[in-house]
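Peer 1: Next up is a structure, given as structure tokens.
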Amino acid sequence: MTAALSISNLQKTYENGFQALKGISFEVQPGDFFALLGPNGAGKSTTIGVICSLVRKTGGSVSIFGIDIDRDFAAAKQMLGVVPQEFNFSQFEKVFDIVATQGGFYGMPRKLAEERTEKYLKQLGLWDKRAVQARMLSGGMKRRLMIARALIHEPKLLILDEPTAGVDIELRRSMWTFLEEINRQGTTIILTTHYLEEAESLCRNIAIIDKGDIIENTSIRSLLKTLNREVFILDVRDAL
Ligand code: ADP
Ligand code: MG
1 MTAALSISNL
11 QKTYENGFQA
21 LKGISFEVQP
31 GDFFALLGPN
41 GAGKSTTIGV
51 ICSLVRKTGG
61 SVSIFGIDID
71 RDFAAAKQML
81 GVVPQEFNFS
91 QFEKVFDIVA
101 TQGGFYGMPR
111 KLAEERTEKY
121 LKQLGLWDKR
131 AVQARMLSGG
141 MKRRLMIARA
151 LIHEPKLLIL
161 DEPTAGVDIE
171 LRRSMWTFLE
181 EINRQGTTII
191 LTTHYLEEAE
201 SLCRNIAIID
211 KGDIIENTSI
221 RSLLKTLNRE
231 VFILDVRDAL
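Given below as structure tokens:
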């Protein structure tokens, strides 16, 4: 089976000489709900930046459903939706427009983009806010706005960079429920998090990244199974 995401020997050395990714490899299978867990500064956002071509890698390769991003990023982009860690939309643009405009980026007809915007704003509880400027939204709403925007072209792979950081527990739960539902409908999901609880309760498989290296890559179940692993997790938990 072709992996939804295949990362091989990925390296990133920033312009200042800092080596943020030291040659990481992992795969995510279609349909999976996958966690990339690690403390601040581990290299999670750098990895996602490379996948969506915002960060230029210095070595290795990335394929999305078998499409090498260096060979055909336009095709890979159609399969990929990304919710970045930082808010990256205009605060003065209206909620509906922020989502609908994104459709143009994928060559979607305006009418289809508007239908999808309505669908996802409703599903994410933002339909009431459609005519409001983004700056008026709470942090949790802004995050959901970015999720709606990332889904406009109904990507097969959705990657979310710390989607629940700073979101209170109740909102976090409702976001989890939404993500579980779209995963059930067939979307492969990868999220980065530094909450172990989030990885445990949502994800089936996990990679743990620390200082630019993958230090564990297994199923959540087997990670939790043995005492050694639990001790290991406690160590990681302390580090987070
Ligand atoms: P995470 O998302 O896991 O918190 P990041 O991928 O954002 O980690 O960052 C990994 C490391 O790379 C950190 O030490 C960070 O300071 C460093 N880093 C990130 N962006 C840059 C940059 N533009 N130039 C130099 N170092 C960077
Ligand atoms: Mg980050």
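So for the sequence shown, full-length UniProt numbering puts the first residue at 1; every next one is plus one.
Quick reminder that beta carbons are idealized off the backbone N, C-alpha and C, glycines included.
Taking its Cβ as the centre, do 16 or more other Cβ atoms sit within 10 Å of Y14, making it buried, or is it exposed?
Peer 2: Exposed, by the Cβ-count rule.
Peer 1: Here's the rule I'm using: 16 or more other beta-carbon atoms within 10 Å means buried, otherwise exposed. How should D70 be labelled?
Peer 2: Classification for D70: exposed.
Peer 1: Tell me where the beta strand (DSSP E) around S25 begins and ends.
Peer 2: Element bounds for S25: Q19 to V28.
Peer 1: Run through DSSP, which three-state label would A3 get?
Peer 2: Coil at A3, not helix or strand.
Peer 1: Report yes if the C-beta of D213 is less than 7 angstroms from at least one heavy atom of ligand 2; otherwise report no.
Peer 2: Not so, every heavy atom of ligand 2 lies at least 7 angstroms from the Cβ.
Peer 1: Could you check what DSSP says for A35 in three-state terms: helix, strand or coil?
Peer 2: Note: A35 maps to strand in three-state DSSP.
Peer 1: Taking 6 angstroms as the limit between beta carbons, can you name the residues of its chain near Q85, skipping five residues before and five after?
Peer 2: The answer, listed in chain order, is S45, D161 and E162.
Peer 1: Taking only heavy atoms of ligand 1 into account, decide whether any of them is closer than 7 angstroms to the Cβ of K44.
Peer 2: Yes, the Cβ of K44 comes within 7 angstroms of a heavy atom of ligand 1.
Peer 1: Below 8 angstroms on the Cβ atoms is my contact criterion, and I expect G38 with I209 to pass it. Report the Cβ-Cβ distance as a whole number of Å.
Peer 2: Their Cβ separation, rounded to whole angstroms, is 4 angstroms, which keeps G38 and I209 in contact under 8 angstroms.
Peer 1: When we look at the beta-carbon of S6 and count the other beta-carbons within 10 Å, is it buried (16 or more) or exposed?
Peer 2: Classification of S6: buried, given that the 10 Å Cβ count is 16 or more.
Peer 1: Leaving out five residues before and five after A3 in sequence, what residues of the same chain have Cβ atoms less than 8 angstroms from its Cβ?
Peer 2: Counting only Cβ-Cβ distances below 8 angstroms, and skipping sequence neighbours, we find E27, V28, Q29, P30, S63, F65 and G66.
Peer 1: How many whole angstroms separate the CB atoms of M108 and L126, which I take to be in contact at a CB cut-off of 8 angstroms?
Peer 2: Not really, about 19 angstroms apart at Cβ, beyond 8 angstroms.
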